[in-house]
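A.B. asks:
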Amino acid sequence: MTLAESLSLYAILDYMPQKVTRLSATKISTFEQCAKYYEFQYVHRAKRSFTPIEWEVGSIVHDIIARLFRQIRDKQRGTIPKLGNAEWYRPLLADATSNLRNQVDEGIVRIVRPDERMQSYEEQMDNALGTFTAKALPLLHDHKIVGVEADLGRFNLDGIQIDGRLDLITQSGGNLYVHDWKTGGRRDEDARQAKIYYFASKDKYRQPATTFTLYYLAEAGDIVTSYTFSQEQRALLSAEIADIAARINALETYQARVSVLCHWCPYGPQCDEGNAYMSAHPPPVKKDQIDLGLVT
Ligand code: SF4
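911 is the number that the working numbering gives to position 99 of the sequence shown; each next residue is one higher, with no gaps.
(1) In this structure, how does DSSP classify D992 when only helix, strand and coil are distinguished?
(2) CB A962 to CB K994, shorter than 9 Å?
(3) Any idea what DSSP makes of N1087, helix, strand or coil?
(4) Is D845 buried or exposed, if buried means 16 or more other CB atoms sit within 10 Å of its CB?
(5) Would the region 1012-1021 and the region 899-913 be scored as touching if the rule is three or more Cβ pairs under 8 Å?
(6) Any heavy atom of the ligand SF4 inside 8 Å of the beta-carbon of K887?
(7) Is the CB-CB distance between V921 and F862 below 9 Å?
(8) Using only the alpha-carbon positions, how far apart do A1068 and K1099 sit?
(9) Can you find a heavy atom of the ligand SF4 that lies under 8 Å from the Cβ of K839?
(10) For P950, which residues from the same chain have a beta carbon less than 7 Å from its beta carbon, with the 5 sequence-adjacent residues on both sides left out?
(11) Would you identify the three-state DSSP class for P864, choosing helix, strand or coil?
(12) Using DSSP with H/G/I as helix, E/B as strand and the rest coil, what is G870?
(13) Within its chain, find whatever has a CB closer than 8 Å to the CB of I884; leave out the 5 residues flanking it on each side and keep chain order.
(14) Please confirm whether any heavy atom of the ligand SF4 lies closer than 8 Å to the CB of E1001.
(15) Return the first residue and the last residue of the alpha helix (DSSP H) that F967 is part of.
(16) Answer yes or no: do V960 and A878 have a C-beta to C-beta separation smaller than 9 Å?
(17) Where does T1022 sit, in a helix, a strand or coil, going by DSSP?
(18) At a threshold of 8 Å, does G890 count as lining the ligand SF4 (C-beta to nearest heavy atom)?
(19) Please list the terminal residues of the continuous beta strand (DSSP E) segment that includes L1036.
(20) Sorted by chain position, which residues of the same chain lie with C-beta nearer than 6 Å to A1006's C-beta, five sequence neighbours on each side aside?
(21) Exposed or buried, T1022, counting other C-beta atoms within 10 Å across all chains shown (16 or more means buried)?
(22) Nearer than 8 Å: is that true of the beta carbon of L1073 relative to any heavy atom of the ligand SF4?
(23) Would you mind sorting G870 into buried or exposed? The rule is 16 or more other CB atoms within 10 Å of its CB.
(24) Among K859, K947, L905 and D917, which residue has its Cα nearest to the Cα of E935?
(25) What's the gap between the Cα of R925 and the Cα of P1095?
(26) Any heavy atom of the ligand SF4 inside 8 Å of the beta-carbon of R922?
(27) Are the Cβ atoms of I972 and A1054 separated by less than 9 Å?
(28) So, for S1071: in the same chain, excluding its five sequence neighbours on each side, which residues have a beta-carbon less than 8 Å away from its beta-carbon?
(29) Given this structure, state the Cα-to-Cα distance separating K887 from W900, to the nearest angstrom.
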């Protein structure tokens, strides 16, 4: 085989769908939104053209909360105290906000909605951290920290390695609690993520009584939804993962699936189908409720 022939073979292999050996809740959501998006992100690991600001808002809130629990783990022997200062997060948020403003100015982070302003995202972060402090933190008083932003370990379903990150793991009264912060709205996929993280935590920490809890920090009222699952549900989850992997493996090409979410797709500027859609459909405005499925 000549060098030119082997190079063209590599080029063909690069564009052929590849067998799935690893999945995550986010990978599955990406695939269900648009197979071409999945291809950009996980097959070619393409460089993003920008990051939507909603993702950064989620990352900043998660990062500030993780920093609090790491400090408690290191300085308070891991037992979560009552916090005397309800505004503990303000200096961290001020730094992160200033950095975010610079990234928006440089075009690295993009505000997608044309009538939306930076201030609104600053308020969202402030409100999420205020809600966390007022409503989530008191529920964790005296819990012992087991892990902060921990991986799922060697969690495997039907031969597929499942990846993910557990925001916080605590122990109280002999029970294990796994906590996940949400900065977006409630989504149908949340129950699947809960199932994955619940069974991964059972396998990793081997505690008989485990509870997985989602905290919706953007909501008013009751922000908490807790889950436990049976072994039958583990079998159903395993079958669901096998089915998703089979659907990805059966692809001949990664088809584009255009929708309003193209405006938030970090590969939109590199995608012909997405560009055509976006030229014909301007980005939505503030009042349009859009389920940004990939926002953490
Ligand atoms: S721009 Fe739209 S169609 Fe193109 S990859 Fe992204 S989500 Fe898919």
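C-beta: ideal position from N, C-alpha, C; glycine also.
C.D. replies: According to the structure data:
(1) Position 180 of the sequence shown, counted from the start, is the residue given in the question as residue 992. Of the three classes helix, strand and coil, the one that applies to D992 here is strand, per DSSP.
(2) For this step, residue 962 is matched to residue 150 along the sequence shown. For this step, residue 994 is matched to residue 182 along the sequence shown. In this structure, K994 does not lie closer than 9 Å to A962 by Cβ.
(3) Here the question's residue 1087 lines up with position 275 in the sequence shown. In this structure, N1087 counts as helix in the three-state DSSP scheme.
(4) For the purposes of this step, residue 845 is identified with residue 33 of the sequence shown, where counting begins at 1. As written in the sequence, residue 845 is Gln, which differs from the Asp given in the question. The residue in question, Q845, is buried, as its Cβ has 16 or more Cβ neighbours within 10 Å.
(5) no
(6) In the sequence shown, residue 887 corresponds to position 75, counting from 1. No - the ligand SF4 has no heavy atom lying nearer than 8 Å to the Cβ of K887.
(7) In the sequence shown, the residue the question calls residue 921 occupies position 109. In the sequence shown, the residue the question calls residue 862 occupies position 50. Result yes, Cβ atoms of V921 and F862 sit closer than 9 Å.
(8) As a working note, residue 1068 is residue 256 in the sequence shown. As a working note, residue 1099 is residue 287 in the sequence shown. Straight-line Cα distance between these residues: approximately 27 Å.
(9) For the purposes of this step, residue 839 is taken as residue 27 along the sequence shown, with counting starting at 1. No.
(10) For the purposes of this step, residue 950 is taken as residue 138 along the sequence shown, with counting starting at 1. Result list for P950: empty, nothing under 7 Å.
(11) Here residue 864 corresponds to residue number 52 of the sequence shown, with the count starting at 1. Reduced to three states, the DSSP call for P864 is strand.
(12) Numbered from 1 along the sequence shown, position 58 holds the residue referred to as residue 870. Reduced to three states, the DSSP call for G870 is helix.
(13) Counting from one through the sequence shown, the residue named residue 884 turns up at place 72. Excluding positions up to five away in sequence, the list reads G890, T891, I892, P893 and I957.
(14) Here residue 1001 is taken as the residue at index 189 of the sequence shown, counted from 1. Checking the Cβ of E1001 against the ligand SF4 gives no.
(15) If you number the sequence shown from 1, residue 967 lands on position 155. Counting along the chain, F967 falls outside any alpha helix (DSSP H), and DSSP gives it neither H nor E.
(16) Against the sequence shown, residue 960 aligns to sequence position 148. Against the sequence shown, residue 878 aligns to sequence position 66. Yes, Cβ-Cβ distance for V960 and A878 is below 9 Å.
(17) Walking along the sequence shown from the start, residue 1022 turns up at place 210. The answer is strand: DSSP assigns T1022 an E or B state.
(18) Here residue 890 is taken as the residue at index 78 of the sequence shown, counted from 1. Checking every heavy atom of the ligand SF4 against the Cβ of G890, none is found closer than 8 Å.
(19) What you label residue 1036 is simply residue 224 of the sequence shown in a count that begins at 1. It is Val, not Leu, that sits at residue 1036 in the sequence shown. It spans V1036 to Y1039 - the beta strand (DSSP E) in which V1036 sits, taken as one unbroken run.
(20) By 1-based counting over the sequence shown, the position of residue 1006 is 194. Answer for A1006: F1024 and Y1039, listed in chain order.
(21) In the sequence shown, residue 1022 corresponds to position 210, counting from 1. Buried, because 16 or more other Cβ atoms sit within 10 Å of the Cβ of T1022.
(22) Locating residue 1073 in the sequence shown gives position 261, counting from the first residue. The answer is yes for L1073.
(23) Along the sequence shown, read from residue 1 onward, the residue named residue 870 stands at position 58. Counting Cβ neighbours within 10 Å, G870 comes out buried, since at least 16 surround it.
(24) The residue you call residue 935 lines up with position 123 of the sequence shown. Closest by alpha carbon: L905.
(25) As a position in the sequence shown, residue 925 is number 113, starting the count at 1. As a position in the sequence shown, residue 1095 is number 283, starting the count at 1. Rounded to the nearest angstrom, the two C-alpha atoms are 6 Å apart.
(26) Translated into positions along the sequence shown, residue 922 becomes position 110. Flag unset: Cβ of R922 not near the ligand SF4.
(27) Residue numbering aside, residue 972 sits at position 160 when the sequence shown is read from its first letter. Residue numbering aside, residue 1054 sits at position 242 when the sequence shown is read from its first letter. Result yes, Cβ atoms of I972 and A1054 sit closer than 9 Å.
(28) Sequence index remark: in the sequence shown, residue 1071 carries index 259 (1-based). The residues are Q845, C846 and Y1089.
(29) The residue labelled residue 887 in the question sits at position 75 within the sequence shown. The residue labelled residue 900 in the question sits at position 88 within the sequence shown. In a straight line, the C-alpha of K887 is about 15 Å away from that of W900.
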